[in-house]
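First the structure, in the form of structure tokens, and then the observations on it.
4 protein chains.
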Amino acid sequence: MEVGFLGLGAMGRAMASRLLSAGHRLRVWNRSPEPARELAGRGAEVVEEPAKAFRGDVAITMLADDAAYRSVGLAGPLLDRAPRGMIHLNMATLSVELTRELAAAHAKAGLRYVAAPVFGRGDVAAAGKLTIVAAGPEDALEQAGPLFEAMGQRTWRLGSDPSQAAALKIAGNFMIASAIETIGEATTLAARHGVAPETLLDVLTSSLFSAPVYKNYGAIIAGRKYQPPGFRLALGLKDVRLALAAGEGAKVPLPFASVLRDAFLEAIAHGDGDLDWAALAEVARRRAGIVAGPD
Amino acid sequence: MEVGFLGLGAMGRAMASRLLSAGHRLRVWNRSPEPARELAGRGAEVVEEPAKAFRGDVAITMLADDAAYRSVGLAGPLLDRAPRGMIHLNMATLSVELTRELAAAHAKAGLRYVAAPVFGRGDVAAAGKLTIVAAGPEDALEQAGPLFEAMGQRTWRLGSDPSQAAALKIAGNFMIASAIETIGEATTLAARHGVAPETLLDVLTSSLFSAPVYKNYGAIIAGRKYQPPGFRLALGLKDVRLALAAGEGAKVPLPFASVLRDAFLEAIAHGDGDLDWAALAEVARRRAGIVAGPD
Amino acid sequence: MEVGFLGLGAMGRAMASRLLSAGHRLRVWNRSPEPARELAGRGAEVVEEPAKAFRGDVAITMLADDAAYRSVGLAGPLLDRAPRGMIHLNMATLSVELTRELAAAHAKAGLRYVAAPVFGRGDVAAAGKLTIVAAGPEDALEQAGPLFEAMGQRTWRLGSDPSQAAALKIAGNFMIASAIETIGEATTLAARHGVAPETLLDVLTSSLFSAPVYKNYGAIIAGRKYQPPGFRLALGLKDVRLALAAGEGAKVPLPFASVLRDAFLEAIAHGDGDLDWAALAEVARRRAGIVAGPD
Amino acid sequence: MEVGFLGLGAMGRAMASRLLSAGHRLRVWNRSPEPARELAGRGAEVVEEPAKAFRGDVAITMLADDAAYRSVGLAGPLLDRAPRGMIHLNMATLSVELTRELAAAHAKAGLRYVAAPVFGRGDVAAAGKLTIVAAGPEDALEQAGPLFEAMGQRTWRLGSDPSQAAALKIAGNFMIASAIETIGEATTLAARHGVAPETLLDVLTSSLFSAPVYKNYGAIIAGRKYQPPGFRLALGLKDVRLALAAGEGAKVPLPFASVLRDAFLEAIAHGDGDLDWAALAEVARRRAGIVAGPD
Chain A
0 MEVGFLGLGA MGRAMASRLL SAGHRLRVWN RSPEPARELA GRGAEVVEEP
50 AKAFRGDVAI TMLADDAAYR SVGLAGPLLD RAPRGMIHLN MATLSVELTR
100 ELAAAHAKAG LRYVAAPVFG RGDVAAAGKL TIVAAGPEDA LEQAGPLFEA
150 MGQRTWRLGS DPSQAAALKI AGNFMIASAI ETIGEATTLA ARHGVAPETL
200 LDVLTSSLFS APVYKNYGAI IAGRKYQPPG FRLALGLKDV RLALAAGEGA
250 KVPLPFASVL RDAFLEAIAH GDGDLDWAAL AEVARRRAGI VAGPD
Chain B
0 MEVGFLGLGA MGRAMASRLL SAGHRLRVWN RSPEPARELA GRGAEVVEEP
50 AKAFRGDVAI TMLADDAAYR SVGLAGPLLD RAPRGMIHLN MATLSVELTR
100 ELAAAHAKAG LRYVAAPVFG RGDVAAAGKL TIVAAGPEDA LEQAGPLFEA
150 MGQRTWRLGS DPSQAAALKI AGNFMIASAI ETIGEATTLA ARHGVAPETL
200 LDVLTSSLFS APVYKNYGAI IAGRKYQPPG FRLALGLKDV RLALAAGEGA
250 KVPLPFASVL RDAFLEAIAH GDGDLDWAAL AEVARRRAGI VAGPD
Chain C
0 MEVGFLGLGA MGRAMASRLL SAGHRLRVWN RSPEPARELA GRGAEVVEEP
50 AKAFRGDVAI TMLADDAAYR SVGLAGPLLD RAPRGMIHLN MATLSVELTR
100 ELAAAHAKAG LRYVAAPVFG RGDVAAAGKL TIVAAGPEDA LEQAGPLFEA
150 MGQRTWRLGS DPSQAAALKI AGNFMIASAI ETIGEATTLA ARHGVAPETL
200 LDVLTSSLFS APVYKNYGAI IAGRKYQPPG FRLALGLKDV RLALAAGEGA
250 KVPLPFASVL RDAFLEAIAH GDGDLDWAAL AEVARRRAGI VAGPD
Chain D
0 MEVGFLGLGA MGRAMASRLL SAGHRLRVWN RSPEPARELA GRGAEVVEEP
50 AKAFRGDVAI TMLADDAAYR SVGLAGPLLD RAPRGMIHLN MATLSVELTR
100 ELAAAHAKAG LRYVAAPVFG RGDVAAAGKL TIVAAGPEDA LEQAGPLFEA
150 MGQRTWRLGS DPSQAAALKI AGNFMIASAI ETIGEATTLA ARHGVAPETL
200 LDVLTSSLFS APVYKNYGAI IAGRKYQPPG FRLALGLKDV RLALAAGEGA
250 KVPLPFASVL RDAFLEAIAH GDGDLDWAAL AEVARRRAGI VAGPD
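Read top to bottom, the protein sequences are chains A, B, C and D. Taking numbering that gives the first Met the number 0, the leading residue of the first sequence gets 0, the next gets one more, and so forth. Taking numbering that gives the first Met the number 0, the leading residue of the second sequence gets 0, the next gets one more, and so forth. Taking numbering that gives the first Met the number 0, the leading residue of the third sequence gets 0, the next gets one more, and so forth. Taking numbering that gives the first Met the number 0, the leading residue of the fourth sequence gets 0, the next gets one more, and so forth.
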């Protein structure tokens, strides 16, 4: 397929690379040129304006946040210049509100908007094993099938309303953040009573909590190895903010998300915004008076 | 082995039954006589005073809470009447504070105290598949091995300090309660945006959250089937209280546990104390203005 | 003075009325025409476009929120059409972020921006007894003195940075909301132990808490008289949101504000958004299982 | 009157001193002998056992907490040795639960139990200006009138159930702690936006918040003068615990009290337990990344 690809962060690069390997033709754009080079060497055409990549059969976007979508013009001007009927496959995590706005704007411009956010970090993307949650026009979902297959190990189709894919992704990220905070509090409590974090986590992840989220983040937290970040803590605050905003939009109080927000802010105030978001656990330790030490 | 068994609630009965099946001789006591009958029919000797069951090679206790241990005399008078050197295997979830007191009192009375709380509900106990977390004198742990084997699928030995087993169990229960609250908030958020709880849980438990705690409680919450209770919500409040007390003892703030406490209280105030503790999710729904429906 | 006045809600009307009484000439604008009529009868010139009121010696604005300021053009187009050197006296509660943006945009357009938010509800405004917190260019503060005198009983000058007036006002509103929540929780706790809310409040406001905020809101809450609203609960959520945003901008966790946010959302989800914001206390009652009833 | 007085901490000493000045005869007891000396020099009889002070027309107690009342024997043995009909005027802040137990035990022993907790710190007690909240048998309240007059500037009679006085006092202390936390968060927020804590507090305490609690604690917090403590922070945690326990007993969730609990724990974990409880504000500062320094 002919695919435009906008946004070549760690995730975007890995996903674009998978598409090239699967034989698709790519036209790529990124705000800074460096990330495009490796892809260029593998046959991708590098363009210098978003509008030149926002074309083809499908345009995939993987930009940072709501603000980036607006500033690039994806909520407005860019749409009118795209070929009618084109599928815009947005795979980034956006707010429910912007998702609704984008869906309406695309329909008005004669484009097909699909929200298809993903679960998985850089290494998972590189292996083509993302979990994809897609919602949008049925024919568009059908047509994008080969692209999903190249990037993900499983794609969930949620129906025709893109905002539901956004909401599910936001709820899922909130669940991950809650698990991290839970591990942080539980291991600090255990440690203060003489139980090593590893021991608590070994017991729990061997039984009720035998899931990647507890194993992976548990290991990071027990080992206090927050660098390099798989997902930056400052972006975690963004995700919690999306959950709170989605809650506010639907009048859903989210007390755990509120606690998370304050903890993320505290972590950033203490200079940990560029660490892996598992460093949220350090907040629990600090509050308990445990002086951070090297690891 | 010759085993005394005090406390025949749903868990205690199932565990005692496993011991009988494994060929151990049991002397059982329970505050009310009914639960002992079936065990009597299978060869257990039923006694009418705690002191008469608190003897043998090993005495196992599975009473409700700290208060029950005190009122039965396990923090005092009963100890002096037990045979010197006897192992007291307490498998209930007690406070760290009482655990420390019991360990000291038993040592003084010449008894060996082992804290061996368990993870698993009634059906797991009946299948002999509990996860056991044991700490106490090494020779006592060794000697109790065959009993652990009869009741659990895996026993973790944490060393010689019983309070560490209590702390680990308390931290683990806090983690379960946090997972329930997380599911409650996330599914309410998703539902208000048109995503069925089942869908959210299917996606998440197929990937990052593929653990029994999310699958089991997720199914209960999505289906709103809170009866019969696998673990009563009112007991969940007790467990959160233990976590908060352990945190207070060690100066560890636990903001998630604080949120849980308030949510449990709210659930009980609305008459849900006798439902399964997964009904904590109804608090999130109610707060969002969703009127409880059938199920 | 020649004064433009934009925004004639309950507060704006009362403030404009005071200015007329003090002999100033007013040109007034409001989105809907009705509120302007009474002022017209007293000599104010009613105009039909914001730009026609945004002129004179001083233009005072009292619009609803950040969004209203943007949509009317006060963050952009309107500025270029105003007379150079004019003072824009914004007396509404805006975000710190927009305040910074407005200050910069006004400076660029050769206008003088003063943030002068007020404490006091409609009746206080009508009596000319507002507390005004002003920050902006010193000469502008000086020049606006007679206007402040007509509207307030006391004006605090905070210096030249308008964002500090915004921040102080936001912090102050957060304090009021915290006091309301505190009264809600304390009276519910007392009531459940047989102590009437009035009794608790009588004792406390006769000594340590002898302040208007506790007396006024205490009386509303004890009497459960939430109508007509002095300040709508839904606007209270807006104010808490401003506090949270200001906290996020400066990396200041605000756990009380987080609790307030969830409580306001819950109140709105239960249909109380149009009541006085003291109705936040009903959330505490509802959570405790007290069925709302008339009083 | 012939008065026994047990408990000569800072508050107790000041209150006993007032009673001597008013001409009452005192028999005093304290766990450690030093505090009694000055009173002895002024005519009080110093006794060495609690039982010897727990007699006379009225016995006043002002011990530290629930545990102290139990250990001294006031929940049991001491009662039977007191003269029938004696009034026990407990002026300390005890739990609602223990208050109920004491009321029942005294009635059974033929004594009259009055709960009369006080608002006010040491200097207020020394000036005889405490606010007293009393509940108990009507004749006992009447008879104790002259004592109340000697110690307080105002006594509120709540009726015959002592637990209501305890509940009111607990709710009041929760309100004070909430005010302190509110000041801590608000001043930190303001400070991070360039507004001095003093400025925020000047504005607010000149209008809506013109109450001693905001003026006094505001000054301590703005000046960061937490020594000597008027009320120790560690005792503040005790008071919050009493509020949470009273809430739990009556199924009243108290989210603000939960936040307070975690903040107090954090303060104590950082070594501030012996400072004035206004130092709770330092927790808000620390969380925002403001490094504590002298002032």
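Ideal Cβ placement from N, Cα and C applies to all residues, glycine included. Keep in mind it's a predicted model, so treat the numbers as computed, not measured.
State yes or no: is the beta carbon of residue i nearer than 7 Å to at least one beta carbon in chain B?
i	result
T130/A	yes
L200/D	no
P254/A	yes
Q226/A	no
P211/A	yes
S257/D	yes
Span of the beta strand (DSSP E) holding residue i?
i	result
G84/D	No beta strand (DSSP E) holds G84/D; DSSP gives it neither H nor E.
Can you find a CB in chain C that lies within less than 7 Å of the CB of residue i?
i	result
I267/A	yes
R17/D	no
D294/A	Confidence in D294/A is poor, its pLDDT being 42 and thus under 50, which makes the residue's placement unreliable; the coordinate value appears in the next sentence. For D294/A, the answer is no, since every Cβ of chain C falls outside 7 Å of its Cβ.
D271/A	no
So, is the C-beta of residue i closer than 7 Å to a C-beta in chain D?
i	result
A125/A	no
G288/A	yes
Q163/C	yes
A264/B	It is Leu, not Ala, that sits at residue 264/B in the sequence shown. For L264/B, the answer is yes, since a Cβ of chain D falls inside 7 Å of its Cβ.
D65/B	no
G235/C	no
Assuming residue i is part of the alpha helix (DSSP H), what are its boundary residues?
i	result
V53/D	Looking at the sequence itself, residue 53/D is Phe, so the reference to Val does not match. First-last for F53/D: undefined, no H or E at that position.
V123/A	G121 to A125
T98/A	V95 to K107
R69/D	D65 to V71
R41/B	Premise fails: R41/B is in no alpha helix (DSSP H) and is neither H nor E.
S16/B	A9 to S20
G76/D	Here residue 76/D turns out to be Pro, not Gly, going by the sequence shown. Its alpha helix (DSSP H) spans residues P76 to D79.
L232/A	L232 to A249
Could you round the C-beta distance between residue i and residue j to whole angstroms and report it? I think they count as a contact, below 8 Å.
i	j	result
V57/C	V2/C	5 Å
E281/C	L253/D	Between L253/D and E281/C the Cβ distance is about 15 Å, and since that is not below 8 Å, they are no contact.
G272/C	L232/C	5 Å
Run through DSSP, which three-state label would residue i get?
i	result
D275/B	strand
I220/B	helix
Q152/D	strand
G193/B	coil
I267/D	helix
A114/C	strand
G135/A	coil
G3/D	strand
R286/C	helix
M36/D	It should be pointed out that residue 36/D corresponds to Arg in this sequence rather than to Met. Helix at R36/D.
R304/A	The structure shown does not extend to residue 304/A, since chain A spans only 0 to 294, so no value can be given for it.
T60/A	strand
L253/B	coil
T130/A	strand
Shorter than 7 Å from the beta carbon of residue i to some beta carbon of chain A?
i	result
R240/B	no
S70/C	no
W155/B	yes
Using only the heavy atoms of the ligand GDP, determine whether one of them is closer than 6 Å to the beta carbon of residue i.
i	result
H269/C	No copy of the ligand GDP occurs in the structure displayed, which carries no ligand at all.
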